[in-house]
Amino acid sequence: MTRSPWLPVFRAIAAEIRSTVAPLAGTRRGREVVGAGAGGDQTIYMDALAEQVAVAHLERVHREGRRFQLLSEELGRRDFGGSEVILLDPLDGSYNAKQGLPYYAVVLAVAAAERLGDVTLGYVLNLVSGDEFVAERGAGAYHNGERLLPEPAALGAESLAVLQLDAPAGVNPRGQSQRLIDRAQRLRQMGSAALNLCHTATGGITLQVAPSPVRAFDLAGPLLILAEAGGVATDIEGKSLSAVSCNLESRTTLLASAFAEIHGRALQWLTPQK
Ligand SMILES: [Mg+2]
Numbered sequence: 000m001t002r003s004p005w006l007p008v009f010r011a012i013a014a015e016i017r018s019t020v021a022p023l024a025g026t027r028r029g030r031e032v033v034g035a036g037a038g039g040d041q042t043i044y045m046d047a048l049a050e051q052v053a054v055a056h057l058e059r060v061h062r063e064g065r066r067f068q069l070l071s072e073e074l075g076r077r078d079f080g081g082s083e084v085i086l087l088d089p090l091d092g093s094y095n096a097k098q099g100l101p102y103y104a105v106v107l108a109v110a111a112a113e114r115l116g117d118v119t120l121g122y123v124l125n126l127v128s129g130d131e132f133v134a135e136r137g138a139g140a141y142h143n144g145e146r147l148l149p150e151p152a153a154l155g156a157e158s159l160a161v162l163q164l165d166a167p168a169g170v171n172p173r174g175q176s177q178r179l180i181d182r183a184q185r186l187r188q189m190g191s192a193a194l195n196l197c198h199t200a201t202g203g204i205t206l207q208v209a210p211s212p213v214r215a216f217d218l219a220g221p222l223l224i225l226a227e228a229g230g231v232a233t234d235i236e237g238k239s240l241s242a243v244s245c246n247l248e249s250r251t252t253l254l255a256s257a258f259a260e261i262h263g264r265a266l267q268w269l270t271p272q273k
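Take 0 as the starting number for the sequence shown in numbering that gives the first Met the number 0 and just add one per residue.
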């Protein structure tokens, strides 16, 4: 199980965000626009409140002696004196929360440096259900305290049971993924990149695709959860994501599955037949 000293801090942050922010979902007060975030999106009251809660906890641990850099979706970068990087998306799936659609999360990660391959701890809490996903590099992934282990995929069928698409707002989510959509028995576009990757790690989502570049920052912790569960993620051309920057400006496409064989097949399906 995870021994990182950050895990209790992340759990305390997530629990307080769940109790203070989740009740505002779908309310007029909750969706009030209060500014623009460092990540480029509008900041609604729920985003701002969730970030305030998280920052208060991080300021406390800093006063107690911990040193780190904070990279957060709304406020951007804040120097707390060390080199370890804490990545914070206080509310992933803000649009769902704004609309009162029950699928949004708090996402935290620890990274030794600012690339996706440098993440050492990933933490996601579904703010509606309380489902928790945690992974520490080399120590496995856990869902509500139970080790996430890859089950053999139900292979054989030349189709995808559940295909999940992600795209930035206003971008056609289908992009160059039509060949995958043609193979999908069920298509979803659920709206929280972090939760989508966690459910890819459990195998609930057969294949997760972002055919147009999405923010790499949102994927950092969840990609470790997928990897520690035995899953595979690359960009849509099959290239490794580990050297991709996880700062707020960085973007990447994504192709992810808990099952290497499905990931491999998807890459083949995406390649135009000569
Ligand atoms: Mg957010």
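Idealized CB from N, CA, C, for every residue including glycine.
Please read these numbers as outputs of a predicted model, since none were measured by experiment.
query, result
"Going by the C-beta, is residue 72 closer than 7 Å to any heavy atom of ligand 1?", "yes"
"Taking the C-alpha atoms as reference points, what is the distance between residue 58 and residue 228?", "32 Å"
"At which residues does the beta strand (DSSP E) containing residue 104 begin and terminate?", "104-110"
"If we count the other Cβ atoms within 10 Å of its Cβ and call it buried at 16 or more, is residue 34 buried or exposed?", "exposed"
"Around the C-beta of residue 193, are 16 or more other C-beta atoms found within 10 angstroms, so that it is buried, or is it exposed?", "buried"
"What three-state label does DSSP hand residue 132 in the structure shown?", "strand"
"Once DSSP output is grouped into helix, strand and coil, what is the label at residue 42?", "strand"
"Can you tell me the Cβ-Cβ gap for residue 91 and residue 191, rounded? I've got them flagged as a contact below 8 Å.", "5 Å"
"Would you list the one or two residues that DSSP bridges to residue 253?", "209"
"Note the first and the last residue of the continuous beta strand (DSSP E) segment covering residue 184.", "Looking at the DSSP string, residue 184 is not in any beta strand (DSSP E), and its letter there is neither H nor E."
"Would you report the Cα separation of residue 22 and residue 113, rounded to the nearest angstrom?", "33 Å"
"Is residue 159 a contact residue of ligand 1, with contact defined as CB to any heavy atom under 7 Å?", "no"
"Is the number of C-beta pairs between the region 246-265 and the region 206-220 that are closer than 8 Å three or more?", "yes"
"What did DSSP end up calling residue 157 once you bin it into helix, strand or coil?", "coil"
"What do you reckon, is the C-beta of residue 93 under 7 Å from a heavy atom of ligand 1?", "yes"
"Short of 6 Å in beta carbon distance, which residues of its chain neighbour residue 174, apart from the five on each side in sequence? Order them along the chain.", "210 and 211"
"Between which two residues does the beta strand (DSSP E) carrying residue 32 extend?", "32-35"
"With a threshold of 16 other CB atoms inside 10 Å of the CB of residue 145, please say whether the residue is buried or exposed.", "exposed"
"Any chance the CB of residue 89 is under 7 Å from a heavy atom of ligand 1?", "yes"
"Cα separation between residue 213 and residue 129?", "26 Å"
"Would you report the Cα separation of residue 122 and residue 223, rounded to the nearest angstrom?", "9 Å"
"Kindly indicate which residue of 141, 202 and 118 has the alpha-carbon position closest to the one of residue 215.", "118"
"When the distance is taken between beta carbons, is residue 179 closer than 8 Å to residue 269?", "yes"
"Report yes if the CB atom of residue 24 is closer than 8 Å to the CB atom of residue 96, and no otherwise.", "yes"
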